[in-house]
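Just so we're aligned, residue 1 is where the sequence shown starts under this note's numbering, counting upward by one.
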Amino acid sequence: MAGYVYPPVSFYFKVEIAGFPDDIGFQTVEGLNVDIPYGDSHVEGGENTFTHHFPTVISYGSLTLKRGILIGSDLIQWFDNALQFFIFAPRDVTVTLMNETGGAMEQWVFRNACPKSWKISGFDSMSSQVATDTIELS
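Here it is in structure tokens:
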């Protein structure tokens, strides 16, 4: 069948954040979702067999990025500027799902993303896991 593409694997992706070319090695990406809620119903005058439903405001999920902690990261400095000095400088974020040759299969662009949340994984002296930080963008 022409044009058929097998379902892609979810582990081959890249994240690019405008202005931070070195902050690209993310372990997981979540929040690629959109919701179209439907508001009040509208009954058409004289028509009793159905009701119209109309969409309201479209909402997008927050983008969550997880990776190993990078000391001296420009991305974390950007987040810290928002946290400490209330300086928000929106950035475009591109998430690309890649094929086996490294070409783009699908791409999502988040315009004017701003920092929303930053979490650092717990530390455990009985574990050999890598310390991670999770960054949520809105």
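For each residue, glycine too, the CB sits at the ideal point set by N, CA and C.
Owing to the predicted nature of the structure, the values given are computational and were not obtained by experimental measurement.
Can you give me the C-alpha to C-alpha distance between D23 and T101, rounded to a whole angstrom?
Against the sequence shown, residue 23 aligns to sequence position 23. Against the sequence shown, residue 101 aligns to sequence position 101. So the two alpha carbons sit approximately 22 Å from each other.
Among D40, E136, D74 and P37, which one has its Cα closest to the Cα of G19?
Within the sequence shown, residue 19 is the residue found at index 19, counting from 1. The shortest Cα separation from G19 among D40, E136, D74 and P37 belongs to D74.
Short of 8 Å in beta carbon distance, which residues of its chain neighbour V9, apart from the five on each side in sequence? Order them along the chain.
In the sequence shown, the residue the question calls residue 9 occupies position 9. For V9, where only same-chain residues beyond five positions count, there are no Cβ hits under 8 Å.
Just the C-alpha distance for V95 and L32, rounded to the nearest angstrom, thanks.
As a first step, residue 95 must be located in the sequence shown, where it is residue number 95. As a first step, residue 32 must be located in the sequence shown, where it is residue number 32. Cα-Cα distance, rounded: 9 Å.
What three-state label does DSSP hand I36 in the structure shown?
Here the question's residue 36 lines up with position 36 in the sequence shown. If DSSP states are grouped into helix, strand and coil, I36 belongs with coil.
Going by DSSP, what residues sit across from W118 in a beta bridge?
If you number the sequence shown from 1, residue 118 lands on position 118. W118 is bridged to I135.
With a 10 Å radius around its C-beta and 16 neighbouring C-beta atoms as the bar for buried, classify V57 as buried or exposed.
Translated into positions along the sequence shown, residue 57 becomes position 57. Exposed is the call here.
What do you get for W108, buried or exposed, if any count of 16 or more other CB atoms within 10 angstroms of its CB means buried?
Taking the first residue of the sequence shown as 1, we reach residue 108 at position 108. Looking at its Cβ environment, which holds fewer than 16 other Cβ atoms inside 10 Å, W108 is exposed.
Can at least three beta-carbon pairs, one atom from the stretch 72–88 and one from the stretch 107–122, be found at a separation below 8 Å?
Enough Cβ pairs lie closer than 8 Å, so yes.
Kindly provide the ranges of any alpha helix (DSSP H) runs that are 4 or more residues long and lie completely inside the stretch 53–102, ordered along the chain.
Listed in chain order, the complete alpha helix (DSSP H) runs (minimum 4 residues) inside the stretch 53–102 are 74–85.
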